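See below for the structure under consideration.
Protein chains: 2
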Amino acid sequence: MVRRKVEIKAIENISKRHTTFTKRRQGLFKKAKDLCTKCEAEATVITVSKAGNIFAFGHPAVDPVVNRYLSNGNGDERVHGGNWMVVAMEDEEMQLLSKAERKIQKVMGKGRQEWNLAIGDLEINELDEMEAVIEDIKRIAAARAVEIVAGGGKDQDVKCIGKDSIVPYLRR
Amino acid sequence: MVRRKVEIKAIENISKRHTTFTKRRQGLFKKAKDLCTKCEAEATVITVSKAGNIFAFGHPAVDPVVNRYLSNGNGDERVHGGNWMVVAMEDEEMQLLSKAERKIQKVMGKGRQEWNLAIGDLEINELDEMEAVIEDIKRIAAARAVEIVAGGGKDQDVKCIGKDSIVPYLRR
DNA sequence: GCACCTATTTATAAAAC
DNA sequence: TGTTTTATAAATAGGTG
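Line order of the protein sequences matches chains L and A.
Read in full-length UniProt numbering, the first sequence has 163 at position 163, and its numbers run on one by one without any break.
Read in full-length UniProt numbering, the second sequence has 150 at position 150, and its numbers run on one by one without any break.
Put into structure tokens, the structure is as follows:
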């Protein structure tokens, strides 16, 4: 329970901070989505945790809103060159987040913290092999996507999926 | 007063929509700010009203967060395409195969057959999210590779790693 | 650590001014 | 139209399993 007026100041305890970050980020994304729905607006929210992990929400997607902001005379010179994809949760996909997360747990077996620990034990050759494993999973996932698109799944009217994912590649 | 459960659907009345947009935008900015304060995180929120007016919040400012997002491989200028390289394993590495497989089981939790079954339950949106999870794993693995190459230091900056593979780029 | 719970704070829709 | 009020819904900190 909220025991007393919630103080807005830095949380020192790491796990508590992480919990709060996750909860409030989800709340923030939901509020952004509600705003977009109710007001027919566009919005993007980009968060960077203290650990440096990036999470972003966008309606209709992150890029159009960011580009709109940048092309409107705002923004520094754009800096490019890195290459990691970010977790972009969008629209209705967001509503299914915890359900989806649960199912994905079934596939991947563990959560981020555990990967961190387990991966920390791997050596170079094992990392190489892990990549092959990841490749394998990705192939299976792509096959599943084909199956759905071909008419076997329930979610065929999901439309605004970003260009970076397993699914849109199949749709090109 | 909020007279009843607030419906999240488009508001047709223009002035009412504008009022709601303003209030919710303020609320959204405040929540983003609180998140940053409490979790020592960075965040930006960019909104575009139906009329096309842009409002943005950023901590520490909009641009650093946007650039961070863009420089992490997101954004329009990212090159896309199938880009996963599999590394051929050589002799001595080969000898370690089953040991490696065991360790990778620790990371990935399941074997091929189980992935097949579990992935078969996923819907489109869940496949999308799974890709984010895969990216996350890959990122952790890349950090580990850097750690090894750098000689044991933890959590080196991973920005120099290429897009195609966890390990090989480090070896260039 | 994650999912669920719930007491309490916080956000906000509409009224009142 | 804008600001303030206020009744109610929504978010969430901390607890539990």
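In this text, a Cβ means the ideal position worked out from N, Cα and C, and glycines have one as well.
If you're wondering where the values come from, they're calculated on a predicted model, not measured in any experiment.
By the criterion of Cβ-Cβ separation under 7 Å, what are the contact partners of residue i in chain L?
i                      : result
residue 25 of chain A  : 35
residue 138 of chain A : 134
Taking all protein chains shown into account, decide if residue i is buried (16 or more other Cβ within 10 angstroms of its Cβ) or exposed.
i                      : result
residue 49 of chain A  : buried
residue 61 of chain A  : exposed
residue 19 of chain L  : exposed
residue 8 of chain A   : exposed
residue 51 of chain L  : exposed
residue 27 of chain A  : exposed
residue 42 of chain L  : buried
residue 130 of chain L : buried
residue 174 of chain L : Only positions 1 to 172 of chain L appear in this structure, which leaves residue 174 of chain L out of reach.
residue 22 of chain L  : exposed
residue 72 of chain L  : exposed
residue 68 of chain A  : buried
residue 31 of chain L  : buried
residue 86 of chain L  : Bear in mind that the predicted position of residue 86 of chain L carries a pLDDT of just 28, short of 50, making it unreliable; the figure below should be weighed with that in mind. Buried is the call here.
residue 65 of chain L  : buried
residue 5 of chain A   : exposed
residue 139 of chain A : buried
residue 16 of chain L  : exposed
residue 63 of chain A  : buried
residue 56 of chain A  : buried
residue 144 of chain A : buried
residue 133 of chain L : buried
residue 2 of chain L   : exposed
What are the boundary residues of the beta strand (DSSP E) that includes residue i?
i                     : result
residue 48 of chain A : 42-48
Any idea what DSSP makes of residue i, helix, strand or coil?
i                      : result
residue 142 of chain A : helix
residue 79 of chain L  : Any reading at residue 79 of chain L must be qualified, since the residue scores a pLDDT of 34, below 50, and its modelled position is unreliable; the value itself is stated next. Correct three-state label for residue 79 of chain L: coil.
residue 94 of chain L  : For residue 94 of chain L, the predicted structure reports a pLDDT of 35, less than 50, and the residue's modelled location is therefore unreliable. A value from the coordinates is still provided. Here residue 94 of chain L sits in helix by DSSP.
residue 2 of chain A   : coil
residue 120 of chain A : coil
residue 32 of chain A  : helix
residue 87 of chain L  : With a pLDDT of 29 at residue 87 of chain L, under the threshold of 50, the modelled position of that residue is not reliable, and no figure is offered here.
residue 134 of chain L : helix
residue 129 of chain L : helix
residue 9 of chain A   : coil
residue 156 of chain A : At residue 156 of chain A the pLDDT is 28, less than 50, meaning the model places this residue with poor confidence; the figure from the coordinates comes in the next sentence. The answer is coil: DSSP assigns residue 156 of chain A none of H, G, I, E or B.
residue 172 of chain A : With a pLDDT of 24 at residue 172 of chain A, under the threshold of 50, the modelled position of that residue is not reliable, and the figure given next carries that caveat. Correct three-state label for residue 172 of chain A: coil.
Quick one: which chain L residues come within Cβ less than 8 Å of residue i?
i                      : result
residue 1 of chain A   : Per Cβ cutoff of 8 Å: no residues; residue 1 of chain A is ~17 Å from chain L at best.
residue 179 of chain A : What is shown of chain A runs 1 to 172, which leaves residue 179 of chain A out entirely.
residue 50 of chain A  : 39, 40 and 41
Anything in chain A within Cβ reach of residue i, meaning under 8 Å, just list it in chain order.
i                     : result
residue 71 of chain L : The premise fails here: residue 71 of chain L is roughly 10 Å from chain A at the closest Cβ pair, so nothing lies under 8 Å.
residue 31 of chain L : 24, 27, 28 and 31
For residue i, report the span of its alpha helix (DSSP H) as first-last.
i                     : result
residue 54 of chain A : Premise fails: residue 54 of chain A lies in the beta strand (DSSP E), 54-59, not in any alpha helix (DSSP H).
residue 67 of chain L : 62-71
In chain A, what lies closer than 7 Å to residue i by C-beta?
i                     : result
residue 68 of chain L : 48 and 54
So which residues on chain A does residue i lean against when the C-beta distance must stay under 9 Å?
i                      : result
residue 141 of chain L : 115, 119, 122, 127, 130, 131 and 134
Hey, is residue i close to the ligand NAD, as in C-beta under 6 Å from one of its heavy atoms?
i                     : result
residue 18 of chain L : In terms of ligand content, the structure shown is empty, and the ligand NAD therefore cannot be addressed.
What residues in the region 10-21 of chain A have a beta carbon less than 7 Å from any beta carbon of chain L? 10, 11, 17, 20 and 21
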